[in-house]
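Number of protein chains: 2
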Amino acid sequence: MNEKIENLISEKRFNDLREYLESLNSADFPSIFEEVSDEKMIVIYRILSKEKAAEVFAELDSDIQEKLINSFSEKELKDIIDELFMDDTVDLIEEMPSNVVKRILKNVKNSDRKVINELLNYPEDSAGTIMTTEFVDLKENMTVEQAFDKIRKIGLQKETVYNCYVLSLDRKLKGIIDLKDLLIAEKDQKLKDIMNVNVITTNTLEDKENVAKMFDKYNFFALPVVDKEKRLVGIITIDDAIDVLQDEVDEDFVKMAAISPSDNTYFKTSVFKHAKNRIFWLIILMLSSIVTGAIITRYENAFAMVPILVAFIPMIMGTTGNCGSQTSTLIIRGMSNDEVQLKDYFRVVWKEFRVAILVALMLGLANGIRILIQYQDLKLAIVVAISLLGTVTLAKFLGCTLPMLAKKFKIDPALMATPVISTVSDMCSVLIFFKVATFVMGIDVNI
Amino acid sequence: MNEKIENLISEKRFNDLREYLESLNSADFPSIFEEVSDEKMIVIYRILSKEKAAEVFAELDSDIQEKLINSFSEKELKDIIDELFMDDTVDLIEEMPSNVVKRILKNVKNSDRKVINELLNYPEDSAGTIMTTEFVDLKENMTVEQAFDKIRKIGLQKETVYNCYVLSLDRKLKGIIDLKDLLIAEKDQKLKDIMNVNVITTNTLEDKENVAKMFDKYNFFALPVVDKEKRLVGIITIDDAIDVLQDEVDEDFVKMAAISPSDNTYFKTSVFKHAKNRIFWLIILMLSSIVTGAIITRYENAFAMVPILVAFIPMIMGTTGNCGSQTSTLIIRGMSNDEVQLKDYFRVVWKEFRVAILVALMLGLANGIRILIQYQDLKLAIVVAISLLGTVTLAKFLGCTLPMLAKKFKIDPALMATPVISTVSDMCSVLIFFKVATFVMGIDVNI
Chain R
-17 MNEKIENLIS
-7 EKRFNDLREY
3 LESLNSADFP
13 SIFEEVSDEK
23 MIVIYRILSK
33 EKAAEVFAEL
43 DSDIQEKLIN
53 SFSEKELKDI
63 IDELFMDDTV
73 DLIEEMPSNV
83 VKRILKNVKN
93 SDRKVINELL
103 NYPEDSAGTI
113 MTTEFVDLKE
123 NMTVEQAFDK
133 IRKIGLQKET
143 VYNCYVLSLD
153 RKLKGIIDLK
163 DLLIAEKDQK
173 LKDIMNVNVI
183 TTNTLEDKEN
193 VAKMFDKYNF
203 FALPVVDKEK
213 RLVGIITIDD
223 AIDVLQDEVD
233 EDFVKMAAIS
243 PSDNTYFKTS
253 VFKHAKNRIF
263 WLIILMLSSI
273 VTGAIITRYE
283 NAFAMVPILV
293 AFIPMIMGTT
303 GNCGSQTSTL
313 IIRGMSNDEV
323 QLKDYFRVVW
333 KEFRVAILVA
343 LMLGLANGIR
353 ILIQYQDLKL
363 AIVVAISLLG
373 TVTLAKFLGC
383 TLPMLAKKFK
393 IDPALMATPV
403 ISTVSDMCSV
413 LIFFKVATFV
423 MGIDVNI
Chain E
-17 MNEKIENLIS
-7 EKRFNDLREY
3 LESLNSADFP
13 SIFEEVSDEK
23 MIVIYRILSK
33 EKAAEVFAEL
43 DSDIQEKLIN
53 SFSEKELKDI
63 IDELFMDDTV
73 DLIEEMPSNV
83 VKRILKNVKN
93 SDRKVINELL
103 NYPEDSAGTI
113 MTTEFVDLKE
123 NMTVEQAFDK
133 IRKIGLQKET
143 VYNCYVLSLD
153 RKLKGIIDLK
163 DLLIAEKDQK
173 LKDIMNVNVI
183 TTNTLEDKEN
193 VAKMFDKYNF
203 FALPVVDKEK
213 RLVGIITIDD
223 AIDVLQDEVD
233 EDFVKMAAIS
243 PSDNTYFKTS
253 VFKHAKNRIF
263 WLIILMLSSI
273 VTGAIITRYE
283 NAFAMVPILV
293 AFIPMIMGTT
303 GNCGSQTSTL
313 IIRGMSNDEV
323 QLKDYFRVVW
333 KEFRVAILVA
343 LMLGLANGIR
353 ILIQYQDLKL
363 AIVVAISLLG
373 TVTLAKFLGC
383 TLPMLAKKFK
393 IDPALMATPV
403 ISTVSDMCSV
413 LIFFKVATFV
423 MGIDVNI
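Here is the structure:
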């Protein structure tokens, strides 16, 4: 794709270039712009039709958008902003540095400025920040034919025309009609007789993650957003809901790997920022592993007498940590998919307890037999087997309890995942192991 | 919701019950059916209108579907199957035990049987398995008015009417038209003059995860699926694509926590199955931690001479493991979002190398200072600081190399995540730590 474009530019075949570019999907442009020089990017962008240019612009990352805006005349900037959907303009304003924002606001139509200000003022992560104010609004007393006339007239600049919203005179949402329903209805039927009045809505202040989950559950194309007085103020479309779901998943992944989440992608995050995102949890977890070290020091004379005990520390710690993170991952995912609820706590603990016993028996048996064969040491075999039974059961218990406790206290459960569980289970596993060892082997810790 | 339903049933107010049930969204029923008794579930289901019943049925989990089918007469079963979309019928056949499948197939219309057999024969995880064969097909020479007539006649049983497909006489896909475009066109325009010929398609054998990613990139509502001869055989709708994306993410989460993925949700998986899904990786990882133990044993006289070294094992192992899993998680996510490509390998390594140096310097410094204060032991401080520099750099290197190597050899990168990286980095970290310690402290290992 890029080679063809580069060739057309260097051969100055601009008509062919335009034709080829117009045939591409606007979602193909971000990767093209990543790979060509800035000068060529501007050439490519300028050659697009006004409509295509706006479509492409909305797809681009903010650093590319900024470069383009800096190359625009005021006229070009105004053209783009007029073509952009309202929610894309708001996203743009939120991402740009203040000098660019000033230029953008200067070129916004007066009628749009108020709406943009309202959209900018919704609290972070609320439904208001991802909704668009452009939708097809119809009146209850319209006929089907009148509705079609209105859709033809206004619908084409709207982000979705397939769901239409029927409002009362004071803009309260009375019902919805799919374009499909209008198609089969008789021309002179009144909307109020055919509209669907069982409308599921959300409000401007709802958490956007909850909104995205509603899309996942109900398979909407668009969800109406109402204010406190139940007036329709906007709609959220499925593409924005999918983006929220994806962002949420990405955040869970990095949090579960003990990284502070960042808004940017891997390559767009600087080395310093990467280091900063990672060092916080590393320091915290390092401090806690010092406690584990201190526990080991306490049993110095145990491993002075039986040095082989030290060789089992990695296995005990590792297995316990893995068991804990298996459980915590399943529970965290279960909670974020709404399958596991706080009220299921005892059900989860009982299930994990039985899984733990099964898993620990297998691991204990495998290890016991290995030790008997390798070292012919029955006491050591018993120590390792009993320790595993204790540590695995405890790890599974912590693996479900900590994330659910976090949720109970409105802390993000993903923060309780793998590394936190591992560290807590490290301490406990070493403690259990040495307790069992000194007891079974009759070692006095306080010599 | 459930209380209201229970009350209406016990008061035998079935008309009110029907009215209330019809006002609910079909996606609300699975949670209702989870909580009522089987007898009440059948009462509730029977009271629904035929159309609602089919909608609700498609939303249910397979165990509930099976219970309902077992309560159906042949007539009731036929009614439901006639109303179901083709892809939902195929899903049902794939989930049910063979005696139920026989009953279903007996009640399928002859005309549908061939299509169902074809759908059942697409390879696992291919686009063919998630597509529906129901779509609006139009001809190039139709006028806009004829198109509307056809949509009105056939479109209403179709899963999506908003994208229409223009086919040649031999059913090759020539273009697409959105319902929106038809609305603004003149009645006597020919479809071939207004259709969009730049159609993005996929084929029946494409991996369904790649298809789902196309939805994410292009914001489609539906994607046409063609066979080898470019004939249109079906479409994939956005709701099915979202399900694929969600399943993929769930799979990545469990794989990254060293669990074998399962098709079922947490509670629907039995204790034995849970234990089975978890034990495989636990045994593998346990075996490898035995190697770490063996490395430690080799340095027995090092910690016999300097017992405090043992206390640093958890910190070194833990920090190294956490550093490795931070990197591997970012790289695995980056690859699954298509931001990180195999050709970026050296760019990634160079970035991670610089992050590692920054992080290691901070961790080494923090530890060195702590040791100087706590133990007044300069040699120990140097050993720990140098070890961290080595282990952190190595962990970040492994954290990006192993997942990318896995992808190169077509192994799932998620399998290389947290636990595998941790185990490899466990071995290396212990080895580096004792090598550095014996060298700096002048301990002879082979006494």
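Residue numbers (my numbering), protein chains in the order written: chain R, -17 to 429; chain E, -17 to 429.
Cβ atoms here follow ideal geometry from the backbone N, Cα and C, with glycine treated the same way.
Rounded distance between the beta-carbons of residue j and residue i, thought under 8 Å
i: Leu66/E; j: Ala36/E; result: 6 Å
i: Phe117/R; j: Tyr147/R; result: 6 Å
i: Met287/R; j: Ile414/R; result: Contact flag wrong, Cβ pair sits at about 19 Å.
i: Met68/R; j: Ile98/R; result: 7 Å
i: Lys199/R; j: Met177/R; result: With a Cβ gap of about 23 Å, Lys199/R and Met177/R do not count as contacting.
i: Val374/E; j: Ala342/E; result: 4 Å
i: Asn304/E; j: Ala240/R; result: 6 Å
i: Val235/E; j: Arg315/R; result: Just to set this straight, residue 235/E is Phe in the shown sequence, not Val. That belief holds up - the Cβ atoms of Phe235/E and Arg315/R are roughly 5 Å apart, short of 8 Å.
i: Leu161/R; j: Leu161/E; result: 6 Å
Own chain, CB closer than 7 Å to residue i, minus 5 neighbours either side, in chain order
i: Phe434/R; result: No answer is possible for residue 434/R: it lies beyond the span of chain R, which begins at -17 and ends at 429.
i: Ala444/R; result: An answer regarding residue 444/R cannot be provided, because it is not within the stretch -17 to 429 covered by chain R.
i: Leu164/E; result: Val126, Ala129, Phe130
i: Phe15/R; result: Met23, Leu42, Ile46
i: Glu191/E; result: Val226, Glu230
i: Val208/E; result: Leu155, Thr183, Asn185, Leu214, Val215
i: Met113/R; result: Asp69, Val207, Gly216, Ile217, Ile218
i: Lys430/E; result: Nothing can be reported for residue 430/E, as the shown portion of chain E is limited to -17 through 429.
i: Pro243/R; result: Glu233, Val236, Lys237
Residues of its chain near residue i, where Cβ-Cβ distance is below 6 Å and the 5 sequence neighbours each way are ignored
i: Leu397/R; result: Lys237
i: Ser310/E; result: Gly381, Pro385, Ala399, Ile403
i: Lys392/E; result: none
i: Phe39/E; result: Ile62
i: Ser44/E; result: Glu77
i: Lys174/R; result: Glu122
i: Ala204/E; result: Thr142, Asn145, Ile217, Thr219
i: Gly306/R; result: Ala377, Leu380, Gly381, Ile403, Ser407
Cβ neighbours of residue i in the same chain (closer than 8 Å, five flanking residues each side left out)
i: Ala388/E; result: Asp394, Pro395, Leu397, Met398
i: Val412/E; result: Thr274, Ile277, Ile278, Ile295, Ile298, Met299
i: Leu(-10)/R; result: Phe(-4), Asp(-2), Leu(-1), Tyr2
i: Asp94/R; result: Met68, Thr71
i: Val193/R; result: Ala109, Ile112, Thr184, Leu205, Ile218, Ala223, Val226
i: Val25/R; result: Ile(-9)
Buried/exposed call for residue i, threshold 16 Cβ in 10 Å
i: Leu371/R; result: buried
i: Leu74/E; result: buried
i: Tyr357/R; result: exposed
i: Val337/R; result: buried
i: Ala276/E; result: exposed
i: Val179/R; result: exposed
i: Lys135/R; result: exposed
i: Arg260/E; result: buried
i: Asp222/E; result: buried
i: Asp20/R; result: exposed
i: Glu17/E; result: exposed
i: Glu334/R; result: buried
i: Val197/R; result: The sequence shown places Phe at residue 197/R, not Val. Buried, since its Cβ has 16 or more Cβ neighbours within 10 Å.
i: Ser271/R; result: buried
Report yes or no: do the region 317 to 334 of chain R and the region 342 to 355 of chain R share at least 3 C-beta pairs separated by less than 8 Å? no
So, does the region 243 to 260 of chain R touch the region 261 to 270 of chain E, judging by three or more C-beta pairs under 8 Å? no
Which ranges would you report for the alpha helix (DSSP H) in the region 147 to 229 of chain E if only whole runs of at least 4 residues count? 161 to 166, 173 to 176, 190 to 200
Check whether the region 184 to 191 of chain E touches the region 149 to 159 of chain E, counting contact only when three or more Cβ pairs, one atom from each stretch, lie closer than 8 Å. With a cut-off of 8 Å, the region 149 to 159 of chain E and the region 184 to 191 of chain E do not count as touching, because too few Cβ pairs lie within range.
Does the region 169 to 184 of chain R come close enough to the region 291 to 304 of chain R that 3 or more CB-CB pairs lie under 8 Å? no
Alpha helix (DSSP H) segments (min. 4 residues) lying fully within the region 279 to 338 of chain E: 282 to 287, 290 to 293, 295 to 318
Segment contact, 8 Å Cβ cut-off, at least three pairs: the region -3 to 15 of chain E with the region 300 to 314 of chain R: Per the Cβ contact rule, the region -3 to 15 of chain E is not in contact with the region 300 to 314 of chain R (fewer than 3 Cβ pairs under 8 Å).
I'd like the ranges of any beta strand (DSSP E) spanning at least 3 consecutive residues and lying wholly in the region 79 to 142 of chain E. 118 to 121
Beta strand (DSSP E) segments (min. 3 residues) lying fully within the region -1 to 34 of chain E: none
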